[in-house]
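Beneath this line is the structure, given in structure tokens, with notes to follow.
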Amino acid sequence: MIDLDDTDRALIRALAKDATRNAGALGRDLGLSQPACWRRIKRLKEAGVFRGTRLEVDAAALGFGVTVFLGVKLATKGRVSLEDFERAVTAIPEVQTVEHVLGLYDYRLRVVARDISDFERVLRRRVMTLPGLGNVEANVLLSEERRPGPI
Amino acid sequence: MLDDTDRRILRYYQSDPEAPASQLADAAGVTPTTLSRRLDRLRDTGVLKGVRNVINWPALGYEVEVSLRVTLDKTQPRAFDEFIPAARLVPEVIEIQTFLGQVDVRLSVIARDMGHYQQLYREQLLVLPHINDIEALMQVARVKGQETLPI
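So this is what it looks like as structure tokens:
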């Protein structure tokens, strides 16, 4: 695991908020020269501190008014191929995230749709036809807030 | 408001937020000038909110991620108003979502290991106000996680 000092932590916080800032600007904020800041960013990225970059957009402005989380239970454990299910579910464009979980459900899916009737279409035509699908529970997202985390 | 060119730009941009502007302009079939003008307008109108690095918590020593599904005691009129600010004070809570459905609130919680999670659960999460019921889903794997929109 990578060792971090306070400056590294401040850099991680800043880059998690805004990935477009360059080493010069970040260095000025943190009292580092541009090359020193660049070396730190390079070391953090090489250690895999970030798993990628994400474009933050206003989904509603783009016509996606509804986000639903689905808890999915597979029908016949042991006989369904998890790979088949995962391959089919990740191919659905409206499914934004797929998490394999332990507990009440086997998978947790984040699904976007234009509105409730569009969601019904995705649910019936795409989700309900997935191989090995058992019970599905749906919860409609009302609000969402991402926190900075323990850094 | 948004035309096909805007959508095309956002589609390519979200698939590779780190691509240089020239590459993005080529992919979307616009000139660099048009691209920068369009992106400015998307930012000004709040459709494009920014680009973030997504922290890879396991690389920072947080190996455990749990999704806590909470049902609140709705006989308490201030249940949501008191639960959510209290949940924000726990640094290991990295996401707070509210729902319409069987679940009221979902917290994403990260921990260094199971011992750390147990300690967080007992000392900081179970004591949050107005909890009626709480269920945990432990994340085994993130199968799909880009959160792209089917623009």
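Chains as they are written, first to last, in this note's numbering: chain W, 1373 to 1523; chain Y, 1448 to 1598.
C-beta atoms are modelled at their ideal positions from N, C-alpha and C, and glycine is treated no differently.
Buried or exposed (CB count within 10 angstroms, at least 16 for buried), residue i
i         : result
W/Ile1374 : exposed
W/Val1473 : buried
Y/Pro1532 : exposed
W/Asn1507 : exposed
W/Asp1377 : exposed
W/Gly1399 : buried
W/Asn1511 : buried
Y/Gln1470 : exposed
Y/Ala1588 : exposed
Y/Glu1570 : exposed
Alpha-carbon spacing of residue i relative to residue j, whole angstroms
i         : j         : result
W/Gly1521 : Y/Val1556 : 9 Å
Y/Met1561 : W/Leu1502 : 33 Å
W/Glu1492 : W/Glu1509 : 13 Å
Y/Ala1526 : Y/Leu1519 : 7 Å
Y/Leu1567 : Y/Gly1508 : 16 Å
W/Val1484 : W/Val1494 : 9 Å
W/Ala1386 : Y/Asn1500 : 9 Å
W/Asp1490 : Y/Arg1535 : 33 Å
Y/Leu1584 : W/Gln1406 : 43 Å
W/Gln1469 : Y/Ile1502 : One detail in the question is off: residue 1469 of chain W reads as Thr in this sequence, not Gln. Their backbone Cα atoms lie some 16 Å apart in a straight line.
DSSP state of residue i mapped onto helix, strand, coil
i         : result
W/Gly1475 : coil
Y/Met1561 : helix
W/Gly1396 : helix
W/Ser1405 : coil
Y/Glu1582 : strand
W/Val1444 : strand
Y/Thr1522 : coil
Start-to-end residues for the beta strand (DSSP E) that takes in residue i
i         : result
Y/Glu1512 : Val1511 to Leu1519
Y/Thr1492 : Run containing Y/Thr1492: none; DSSP gives neither H nor E here.
W/Phe1422 : Phe1422 to Val1429
Y/Thr1478 : Run containing Y/Thr1478: none; DSSP gives neither H nor E here.
Residue i, enclosing alpha helix (DSSP H) - first and last residue
i         : result
W/Val1461 : Leu1454 to Thr1462
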